[in-house]
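Accompanying notes for the structure given below.
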Amino acid sequence: MGSKPVLEVKQLTTAFFTEDGIIPAVDKVSFHIHQGEILGVVGESGCGKSVTSLSIMGLVPNPPGKIVSGEILLNGEDLTKVSEKRMRQIRGNDVAMIFQEPMTSLNPVYTIGNQLIEAIRLHQKMDKKQARKRAIEIMKHVGLPRAEELIKEYPHQLSGGMRQRVMIAMAMVCEPKLLIADEPTTALDVTIQAQILRLMKQLNENYQTAIMLITHDLGVVAEVCKRVIVMYAGKIVEEGDVLSIYENPKHPYTIGLIKSVPDVKKKVGKLYSIPGNVPKPGTIQQGCAFAARCEFAMERCFMETPSLVELDPGQSVRCFLHETAEDVIYNV
Numbered sequence: 000m001g002s003k004p005v006l007e008v009k010q011l012t013t014a015f016f017t018e019d020g021i022i023p024a025v026d027k028v029s030f031h032i033h034q035g036e037i038l039g040v041v042g043e044s045g046c047g048k049s050v051t052s053l054s055i056m057g058l059v060p061n062p063p064g065k066i067v068s069g070e071i072l073l074n075g076e077d078l079t080k081v082s083e084k085r086m087r088q089i090r091g092n093d094v095a096m097i098f099q100e101p102m103t104s105l106n107p108v109y110t111i112g113n114q115l116i117e118a119i120r121l122h123q124k125m126d127k128k129q130a131r132k133r134a135i136e137i138m139k140h141v142g143l144p145r146a147e148e149l150i151k152e153y154p155h156q157l158s159g160g161m162r163q164r165v166m167i168a169m170a171m172v173c174e175p176k177l178l179i180a181d182e183p184t185t186a187l188d189v190t191i192q193a194q195i196l197r198l199m200k201q202l203n204e205n206y207q208t209a210i211m212l213i214t215h216d217l218g219v220v221a222e223v224c225k226r227v228i229v230m231y232a233g234k235i236v237e238e239g240d241v242l243s244i245y246e247n248p249k250h251p252y253t254i255g256l257i258k259s260v261p262d263v264k265k266k267v268g269k270l271y272s273i274p275g276n277v278p279k280p281g282t283i284q285q286g287c288a289f290a291a292r293c294e295f296a297m298e299r300c301f302m303e304t305p306s307l308v309e310l311d312p313g314q315s316v317r318c319f320l321h322e323t324a325e326d327v328i329y330n331v
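Per numbering that gives the first Met the number 0, the sequence shown starts with residue 0, numbered consecutively.
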């Protein structure tokens, strides 16, 4: 893609200042997203995915959280340097976010229509009648039935899948340049998950909206994404196009995530899981953060911190193993 990226994140570090010290939740993270692209961000809970998205939205709770360094460029404008007033104009208009649990994101005491109309009038010069018409249009566009009646109902009257569609409608109503979807299908059953993913793909194609899809589900990434970044302990450990990473993963953590996906064609007694847990941010001061859980770990891995190195065009990895990759047999 030759065009300038919609979003460029450069060396982003976001930390939380606590009584126990400074906790770096996101540690020198860099990536980009082009117009019309869907980028997957994967990793276990606690690896920094959601804090990265909240940093982009300017929603990191301060105190105790703070963007310590780095740049977040949205169409060339550095969001880390803009005022809160300007950020309110950008949020919802140029960049929008779909949260994991729609029931906690929608106000229970206002109707669906009130909440959609408010979002439209906040960012677009429309009177109440025009905004209502636009709200009904976008509700139909995201596949909500009987939109004229639904607009008068409250969040608790809707199913989980319908509430998530309302959240997508609210996010897409101003046709943002960037949509951040944080685990948008986690609380939904498999059938509704497929519908929501199909809807997001359609909106991406119709509006050419760049989408940053945060998930722990590699099946979801394979379904809709073009590129993927794998995060672990606040850092990017692997990045590349989806096909390359699925067919030839380079980082042991990525290998573990792929092996953890159940295969319906194979009958196995016990599903694979990566041993151990994600370390608390800031607890590992030297060496590779994954070394204690890695079956390929060498002495060097506990002493030195690997850099993110590009191995093939478009595929980068943060691991010492690539230096002796010909001697390593990856059993995925």
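Positions of the beta carbon are idealized from the N, C-alpha and C atoms, including for glycine.
Original post:
Is the Cβ-Cβ distance between residue 252 and residue 292 less than 9 Å?
Top reply: yes
Original post:
What is the residue span of the alpha helix (DSSP H) that residue 88 lies within?
Top reply: In the DSSP annotation of this structure, the continuous segment of the alpha helix (DSSP H) that includes residue 88 starts and ends at 83-89.
**OP:** Please determine, among 153, 105, 85, 103, the residue with the shortest C-alpha to C-alpha distance to residue 122.
**Re:** 85
**OP:** Closer than 7 Å by C-beta to residue 53: which residues in its own chain qualify, once you throw out the five before and the five after it? Chain order, please.
**Re:** 59
Subject >> Where residue 2 sits in the DSSP three-state scheme >> reply: coil
**OP:** Put residue 334 into one of helix, strand or coil per three-state DSSP.
**Re:** Summary: the structure shown does not reach residue 334, with the chain confined to residues 0 through 331, and so no result is reported for it.
Original post:
Among 95, 28, 22, which has the Cα closest to the Cα of residue 57?
Top reply: 95
**OP:** At 4 residues or longer, and completely inside the stretch 275-326: list those alpha helix (DSSP H) runs for me, N to C.
**Re:** If we require 4 residues or more, the alpha helix (DSSP H) runs fully inside the stretch 275-326 come out as 298-302.
Subject >> Ranges of the alpha helix (DSSP H) found wholly within the stretch 94-118, counting only runs of at least 4 >> reply: 101-104
Original post:
CB-CB under 8 Å to residue 2, same chain, minus the five flanking residues each way: which ones, in chain order?
Top reply: 33, 34
Original post:
What three-state label does DSSP hand residue 155 in the structure shown?
Top reply: DSSP places residue 155 in the helix class (H, G or I) of the three-state scheme.
Original post:
Given that a residue counts as buried once 16 or more other Cβ atoms are within 10 Å of its Cβ, and exposed if not, what is residue 374?
Top reply: In this structure the chain extends from 0 to 331, so residue 374 is not present and cannot be described.
Original post:
When the distance is taken between beta carbons, is residue 209 closer than 9 Å to residue 11?
Top reply: Between residue 11 and residue 209, the gap from beta carbon to beta carbon reaches 9 Å or more.
Subject >> Residue range of the beta strand (DSSP E) that includes residue 251 >> reply: No beta strand (DSSP E) contains residue 251, which is instead part of the alpha helix (DSSP H) from 251-258.
Subject >> Nearest candidate by alpha-carbon position, reference residue 157, set 170, 169, 143 >> reply: 143
Original post:
Span of the alpha helix (DSSP H) holding residue 140?
Top reply: 127-140
Subject >> Alpha-carbon spacing of residue 130 relative to residue 207, whole angstroms >> reply: Distance between the alpha carbons of residue 130 and residue 207 is about 23 Å.
Original post:
Between the C-alpha atoms of residue 181 and residue 254, what's the straight-line distance to the nearest angstrom?
Top reply: 23 Å
Original post:
Would residue 311 be called buried (16 or more neighbouring beta carbons within 10 Å of its own) or exposed?
Top reply: exposed
**OP:** Can you give me the start and stop residues for the beta strand (DSSP E) that residue 209 sits inside?
**Re:** 209-214
**OP:** Leaving out five residues on either side along the sequence, give the residues of the same chain with a beta carbon under 8 Å from the beta carbon of residue 302.
**Re:** Take residue 302, set aside five residues on each side of it, and the residues of its chain with a beta-carbon closer than 8 Å to its own are 285, 286, in chain order.
**OP:** Ignore the nearest five residues each way along the sequence and tell me which others in residue 133's own chain have a CB closer than 6 Å to its CB.
**Re:** Excluding residues up to 5 positions away in sequence, 119 lie with their Cβ nearer than 6 Å to the Cβ of residue 133 in the same chain.
**OP:** Would you identify the three-state DSSP class for residue 10, choosing helix, strand or coil?
**Re:** strand
**OP:** Return the bridge partner residues of residue 239 from the DSSP annotation.
**Re:** 227
Original post:
Measuring CA to CA, which of 219, 190, 13 is closest to residue 336?
Top reply: As shown, the chain starts at 0 and ends at 331. That puts residue 336 outside it, with no answer to give.
Original post:
If you drop the 5 nearest sequence neighbours on each side, which residues of the same chain put their C-beta closer than 8 Å to that of residue 79?
Top reply: 66, 69, 70, 71
Original post:
Under three-state DSSP, which class holds residue 177?
Top reply: DSSP places residue 177 in strand when its eight states are reduced to three.
Original post:
Beta-carbon separation of residue 111 and residue 62 under 9 Å?
Top reply: no
**OP:** Evaluate the contact criterion for the stretch 16-31 versus the stretch 103-110: three or more CB pairs, one atom per stretch, below 8 Å.
**Re:** no
Subject >> Check: residue 147 C-beta below 8 Å from any heavy atom of the ligand ZN >> reply: The ligand ZN is absent from the structure shown, which contains no ligands of any kind.
Original post:
So what does residue 40 bridge to, in DSSP terms?
Top reply: 213, 228
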